[in-house]
Structures are given as structure tokens and as C-alpha cells.
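Protein chains in written order, with our numbering: chain L, 521 to 726; chain E, 521 to 726.
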């Protein structure tokens, strides 16, 4: 069985950079946005459209109740075309993630991969950081056209976390970021990520 | 500054064995029950007596409110000789933990060392495991004179965790086992601890 590392991460924690560098260091596959490209290929939807569903629009349609059982979902939602669409995106995403795990050793970022791949015995990592550290990281990395001040950035980060949590909980019936659902939890507050990766990589190679 | 690794752990998770083996593997100091021996030396109390205060009797005197501010504690408690005694045990313990951290690289198990040593920039590890894994580990390791069945063992474990949590929260104003208070969280459910240590030790040596 291939060696699979799944990485869940709080927004702005540096989890994506950590995962990318870890995959480089280990010389194994790395899948993040590539998954969206693959979904687009396997469906008739554009990458932009899929992204908007996964990262925002989709969550708005989800019931507040945690749990993906249809018992929680009223008829309106089940019949809602947008709801059907997020279900088919999730289905395509699950198939693609499983086929990646079949193909090669890899790091997979987000997208409930820890849950989808539970039969593949992945090493389930969750990366987090203090909110101050995340605000400071995001302010340093923000694009020129982003006008958030620190207060707005903090709100933006917490909102994105809320969406991620809701998405994860909806499909997995598990609480996002709860230690019970991961093998390793890493606090990257104010950490030098390349240095952390150099330190931690040997652990994954034995 | 010495390299300090503090290990908080859920009861039965294997955190103590993990810490002992990690210290051996790294060739650095290991302090666990040794701290109680040192407290006994520096006070007029017996090891047994100190242990009973730290691991049970002490918690019973603590107010339910989290926070060590005296505002939460009524006069009865402040004047209570037993209360004074747990305070002086904690004081002695803090001094001993700081002097160990001054002396040598080391692993320190429990005893709020992550909080007491915050100025020493320790690597703060928390070890946990599923309740089923912990029950199974404790049943396999139980002494001949312990008659717990599985159900009783589960209750015993959860009670001990509750005491540990209360003790930690009382002195630190932080929630025990919350990821924000640690650098690394390790899930040892059903894990082969010697193997985990061999895999993870290189990380601590870079």
C-alpha cells in the first residue's frame, strides 16, 4: 500500500506550504489544487465553478446539523439543483482522491482526504497556529489587490475556518481539528516552515 | 539554553513510556516520579503524602472555577491547611522543575512543566489515544492486585483524566489537552511505542 499523508489545516497556519515542502523533501506526489483540475476534467464544470462550490457556495447550502445522513436534510435541499451539484462534486473528488492514493506515495491537502482514504491507513496530520500568527502570516502574504486591515483579516480567517469546519463535518460526521481524528497535530505558530520540514521529514521516511 | 521536552499525556495513552524511551534514545535526562522524590527532599513531607496530594487529594480541594486567581477562592479554602499544603507542594515542584531545566537537556513528564518552563521555550508535546486503546493498554498492564473489569477500567481512566485536567487548569488557566497549548500532539492509539520513538527521535536531534 502506498504511503499517504493527509494534511488538514487551519487557514493561514502554513499547512499548505508545510505539505508542499514535505512532499518535495520526501520526493513524493503532492496534490492540492490539482484535485480541482481533475474534477473539472471528469465533470462538465469549470475549475472556477468547482472551487466556488467547495470553498464557499457549497457550505451555504448545508444544513446546520452536523451529519451527512439524509434524515437531517429536508426535501427542499435534496431537490435543490445546487445541492445535487455539491454532492456530485464530492463524489468526483472522492473518486479522484482514491485513484491518487492507489497510484503513488503522496501528500494530499484538505478535501476530507483523511476520511475518504481511511481504508488506506493514511498518516493524518492537522496543522494549526495561533490566530495572531495566522493574521501576521496572511498580512505578509496578501496580494496587492487585497485591502484587508488586520481586524478584517482576522475575521476573514475565522470565517474561512468556519466554512472548512462545516464542509468537513458535513461529509465526515467528525469534528474538524479535533485531535481524535488525527495521528499528528502540529502547531506552526511563528515557525520557520522550511526548518520544521527539514526536522520532521526523517520521521516520515523510516 | 538546554533542550527541554515536556510531555503531557492522557492516562493510559503510553505517554510516559514514550517519554522514557525518547529520553533514552536521545541520551538526555528523564524526570517523572523523580520530581516527587525531590519535593520530599526539599520539604518535610513523605513521597507517598505528596503523591496523594498531587494525584488526587489535592484536586478535591480545588474550586470548580478554572483559574488560579485568588478571587475565585473563598476564605475557607485559603485558610485551609490542606490548601496551603498543595500550594507549597506546587511551589516546591516549580522550583525543582526549573532547576532541572537549568541543569541539563531533558524530558519532563506532566506536572504542568510546559507551563512552568514557558520561559525556557520547551517543545511541548501532548500524547493521547482513543479510550478503547487506553482501556486495552491498561488491562494488559494491570497489576495482579487490581481487579478492574473493562467497564471499571474505563471509568477509572476517565476519572484520572478529569483530575489531571483539573490540576492543570487550576495552575495554568489553560485547558489541558487543548491543541493551542502544545507544539506537537501525538495520537498513540494502538501504536507500537518503541517503533514510534525510533521514527520520531531524529526529529528532536536536528
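Even glycine gets a Cβ: it sits at the ideal position worked out from N, Cα and C.
Own chain partners of residue i with C-beta closer than 7 Å, once the 5 adjacent residues on each side are dropped
{"i": "residue 588/E", "result": "Here the model assigns residue 588/E a pLDDT of 49, short of 50, so the residue's position is not dependable and the matter cannot be decided."}
{"i": "residue 591/E", "result": "The pLDDT assigned to residue 591/E is 48, lower than 50, so where the model puts this residue is not dependable; a value taken from the coordinates is nonetheless given after this. Excluding positions up to five away in sequence, the list is empty."}
{"i": "residue 560/E", "result": "566, 567 and 570"}
{"i": "residue 541/E", "result": "713, 714 and 717"}
{"i": "residue 676/E", "result": "668"}
Proximity to residue i [Cα-Cα], best of the options
{"i": "residue 710/L", "options": "524/L, 672/L and 647/L", "result": "647/L"}
{"i": "residue 687/L", "options": "635/L, 522/L and 621/L", "result": "635/L"}
{"i": "residue 528/L", "options": "659/L, 672/L, 708/L and 544/L", "result": "708/L"}
{"i": "residue 533/L", "options": "542/L, 657/L, 619/L and 567/L", "result": "657/L"}
{"i": "residue 612/E", "options": "664/E, 562/E and 544/E", "result": "562/E"}
{"i": "residue 608/L", "options": "628/L, 630/L, 565/L and 541/L", "result": "565/L"}
{"i": "residue 570/L", "options": "606/L, 701/L, 546/L and 541/L", "result": "606/L"}
{"i": "residue 713/E", "options": "521/E, 525/E and 545/E", "result": "545/E"}
{"i": "residue 523/E", "options": "535/E, 530/E, 548/E and 541/E", "result": "548/E"}
{"i": "residue 615/E", "options": "599/E, 633/E, 602/E and 604/E", "result": "633/E"}
{"i": "residue 543/E", "options": "535/E, 626/E and 622/E", "result": "626/E"}
{"i": "residue 638/E", "options": "702/E, 724/E, 554/E and 682/E", "result": "702/E"}
{"i": "residue 623/E", "options": "629/E, 610/E and 640/E", "result": "640/E"}
{"i": "residue 659/L", "options": "683/L, 674/L and 682/L", "result": "674/L"}
{"i": "residue 531/E", "options": "600/E, 671/E, 649/E and 670/E", "result": "649/E"}
{"i": "residue 619/L", "options": "551/L, 535/L, 721/L and 668/L", "result": "551/L"}
{"i": "residue 678/L", "options": "664/L, 699/L, 665/L and 654/L", "result": "654/L"}
{"i": "residue 700/E", "options": "652/L, 600/L, 628/L and 663/L", "result": "652/L"}
Residue span of the alpha helix (DSSP H) that contains residue i, given as start and end
{"i": "residue 659/E", "result": "651–661"}
{"i": "residue 538/L", "result": "535–546"}
{"i": "residue 671/L", "result": "670–692"}
{"i": "residue 634/L", "result": "633–636"}
Where residue i falls: helix, strand or coil (DSSP)
{"i": "residue 626/L", "result": "strand"}
{"i": "residue 708/L", "result": "coil"}
{"i": "residue 586/L", "result": "Bear in mind that the predicted position of residue 586/L carries a pLDDT of just 43, short of 50, making it too unreliable to give a figure here."}
{"i": "residue 549/L", "result": "strand"}
{"i": "residue 563/E", "result": "coil"}
{"i": "residue 648/E", "result": "strand"}
{"i": "residue 528/E", "result": "strand"}
{"i": "residue 716/E", "result": "helix"}
{"i": "residue 608/E", "result": "helix"}
{"i": "residue 591/E", "result": "Note on residue 591/E: pLDDT 48, under 50, position unreliable in the model; the coordinate value appears next. Here residue 591/E sits in helix by DSSP."}
Residues near residue i by beta carbon distance below 8 Å, same chain, minus five either side
{"i": "residue 716/E", "result": "538, 706 and 708"}
{"i": "residue 557/E", "result": "567"}
{"i": "residue 521/L", "result": "640 and 641"}
{"i": "residue 631/E", "result": "555, 574, 613 and 617"}
{"i": "residue 670/E", "result": "655 and 659"}
Neighbour list for residue i in chain L, Cβ cutoff strictly below 9 Å
{"i": "residue 650/E", "result": "700"}
Contact with chain B by residue i, beta-carbon distance below 8 Å
{"i": "residue 706/E", "result": "The structure shown has no chain B; the protein chains it does contain are L and E."}
Enclosing beta strand (DSSP E) for residue i [first to last residue]
{"i": "residue 573/E", "result": "Careful: residue 573/E lies outside any beta strand (DSSP E) and carries neither H nor E."}
Partner residues on chain E for residue i, Cβ-Cβ distance less than 9 Å
{"i": "residue 552/L", "result": "By Cβ distance, chain E contributes nothing, its closest Cβ being about 23 Å from residue 552/L, past 9 Å."}
Beta-carbon neighbours of residue i, restricted to chain E and to distances below 7 Å
{"i": "residue 752/L", "result": "This structure cannot settle anything about residue 752/L, because the visible part of chain L is limited to 521 through 726."}
The ligand SAH heavy atom lying under 7 Å from the CB of residue i
{"i": "residue 705/E", "result": "The model on display carries no ligand, and the ligand SAH is accordingly not part of it."}
Contacts around residue i, its chain only, beta-carbon distance under 6 Å, and the 5 residues preceding and following it disregarded
{"i": "residue 644/L", "result": "526, 634, 702 and 703"}
{"i": "residue 685/E", "result": "696"}
{"i": "residue 680/L", "result": "531"}
{"i": "residue 535/L", "result": "527, 529 and 647"}
{"i": "residue 628/E", "result": "526 and 551"}
{"i": "residue 584/L", "result": "Note that residue 584/L has pLDDT 48, beneath the 50 cutoff, so the model's placement of it is unreliable and the number below is only indicative. For residue 584/L, where only same-chain residues beyond five positions count, there are no Cβ hits under 6 Å."}
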